[in-house]
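Everything below concerns the one structure shown next.
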Amino acid sequence: MSGMEAKTKKGARAVYTRSSDRILEIAMYIFAVLLLIVLIYPIYFIVIASFSDPAAVANGQVWLFPKDFTLAGYQELLKHSNIWVGYRNTILYTIVGTAIGLAVNISAAYALSRRDLVGGKYISLLFIFTMFFNGGLIPTFMTIRDFQLYDTFLVMVLPFSVAVFNIIVARTFFKTSIPEDLWEAAQIDGCGNLRYFVQIVIPLSKAVISVIALWTAVGHWNSYFNALIYLKDSNLYPLQLILRNILVTNQMQSALGTGEAAAVALRLANLMRYAVIIVATVPIMCIYPFVQKYFNQGVMIGAVKQ
Numbered sequence: 001m002s003g004m005e006a007k008t009k010k011g012a013r014a015v016y017t018r019s020s021d022r023i024l025e026i027a028m029y030i031f032a033v034l035l036l037i038v039l040i041y042p043i044y045f046i047v048i049a050s051f052s053d054p055a056a057v058a059n060g061q062v063w064l065f066p067k068d069f070t071l072a073g074y075q076e077l078l079k080h081s082n083i084w085v086g087y088r089n090t091i092l093y094t095i096v097g098t099a100i101g102l103a104v105n106i107s108a109a110y111a112l113s114r115r116d117l118v119g120g121k122y123i124s125l126l127f128i129f130t131m132f133f134n135g136g137l138i139p140t141f142m143t144i145r146d147f148q149l150y151d152t153f154l155v156m157v158l159p160f161s162v163a164v165f166n167i168i169v170a171r172t173f174f175k176t177s178i179p180e181d182l183w184e185a186a187q188i189d190g191c192g193n194l195r196y197f198v199q200i201v202i203p204l205s206k207a208v209i210s211v212i213a214l215w216t217a218v219g220h221w222n223s224y225f226n227a228l229i230y231l232k233d234s235n236l237y238p239l240q241l242i243l244r245n246i247l248v249t250n251q252m253q254s255a256l257g258t259g260e261a262a263a264v265a266l267r268l269a270n271l272m273r274y275a276v277i278i279v280a281t282v283p284i285m286c287i288y289p290f291v292q293k294y295f296n297q298g299v300m301i302g303a304v305k306q
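Mapping the sequence shown onto the UniProt record's numbering, position 294 (from 1) lands on 294, and the numbers just tick up by one.
This is the structure:
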């Protein structure tokens, strides 16, 4: 009887464990759905608000679908011809800046990952030091001006191409994912450092390179402060700065107007706020699905620093 009782108790515990696991799984799914709604709804709201009447948005009548559908915000925004100049500049800054950033950061990360690099630990500490301490805005501005980079194309892609966090992520990947025996075998076959890096390491590092490329591209696409400080030629302005100027101009016009014209200008300015966000973010968001499969791996790599 004791044996049968023991089996009965074990079976009951197994059923209880499966039931509790099932409840926990359902709770986790519910939490994940709620979290997804919290994260996605603000973006969705901006989209539907950009197509809705500003008065309806202000009165809280826009929740799930556009109210009094209109394209006035986009029409007014696209009337500004310099917005296409901003798109052109931002695309160029993103492509060139990402290429330079990858070349610099991946090369530095590979060098720091090598065990035979003399003083590699101390060099890594110097890199990390710059993450917390820097010369400040004024010395940086003076340095850029002295190097004759002020108000040039290169000021948006060259001075800030080194990203220490990206170097740490790539260095960790090289240390943990590229075996040292592979380098020793390549040496036996007469492979040098440059050839080994270009023909072996880079093809094996597509995951981390894709993630760092995404981070770098998003940073250049959203670049606003550097353009505000280091550019004065409007033909070099990136999209973010041009959109900001358009928005500020419309808000000033609505503030200076009177009567019905001022009310119309104010509604249009409010509508353009949402259109500006969509115009600025949708193009770069379209890139994410192509590197999504590498993103989780890149985040896990960055969580371990050696």
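Ideal placement from N, C-alpha and C gives every residue a C-beta, glycine not left out.
Burial state of residue i, where buried means 16 or more other Cβ atoms lie within 10 Å
| i | result |
| --- | --- |
| residue 136 | exposed |
| residue 223 | buried |
| residue 84 | exposed |
| residue 103 | exposed |
| residue 156 | buried |
| residue 267 | buried |
| residue 41 | exposed |
| residue 311 | This structure gives no information on residue 311, because the portion of the chain shown stretches from 1 to 306. |
| residue 20 | exposed |
| residue 107 | exposed |
Quiz prompt | Whole alpha helix (DSSP H) elements within the region 131 to 181, 4-residue minimum | solution = DSSP runs (the alpha helix (DSSP H)) wholly in the region 131 to 181: 137 to 146, 164 to 177.
Self-check item: alpha helix (DSSP H) runs contained entirely in the region 34 to 117, provided each spans 4 or more residues
Solution: For the region 34 to 117, the continuous alpha helix (DSSP H) assignments of 4+ residues that do not extend past its boundaries occur at 54 to 58, 72 to 78, 82 to 113, in sequence order.
Self-check item: Touch test, the region 148 to 160 against the region 58 to 76, Cβ-Cβ under 8 Å, three pairs minimum
Solution: No: fewer than three Cβ pairs fall under 8 Å.
Practice problem: May I ask you to verify whether the region 142 to 156 touches the region 168 to 188, counting CB pairs closer than 8 Å and requiring at least 3? | Solution: Not touching, per the Cβ criterion.
Quiz prompt | Within the region 193 to 252, ranges of the alpha helix (DSSP H) (whole runs, at least 4 residues) | solution = The region 193 to 252 contains these whole alpha helix (DSSP H) runs: 193 to 196, 206 to 221, 225 to 230.
Quiz item: Is there contact here, the region 271 to 281 with the region 38 to 51, by at least three beta-carbon pairs under 8 Å?
Solution: Between the region 271 to 281 and the region 38 to 51 there are three or more C-beta pairs closer than 8 Å, enough to call the two in contact.
Self-check item: Contact between the region 163 to 179 and the region 192 to 209 (3+ Cβ pairs under 8 Å)
Solution: Judged by Cβ distances under 8 Å, the region 163 to 179 makes contact with the region 192 to 209, as three or more pairs qualify.
Exercise. Determine, using beta-carbon pairs with one atom in the region 102 to 120 and one in the region 236 to 245, whether at least three such pairs fall under 8 Å.
Key: Counting Cβ pairs under 8 Å, fewer than three are found: no touch.
Quiz item: Is the region 239 to 247 touching the region 86 to 99, taking contact as three or more C-beta pairs under 8 Å?
Solution: Short answer: they touch.
Quiz item: Counting Cβ pairs, one atom from each stretch, are 3 or more of them under 8 Å apart for the region 76 to 84 and the region 92 to 102?
Solution: No: fewer than three Cβ pairs fall under 8 Å.
Quiz item: Is it true that the region 212 to 232 meets the region 283 to 291, where meeting means three or more beta-carbon pairs spaced less than 8 Å apart?
Solution: The answer is yes - the region 283 to 291 touches the region 212 to 232, with three or more Cβ pairs under 8 Å.
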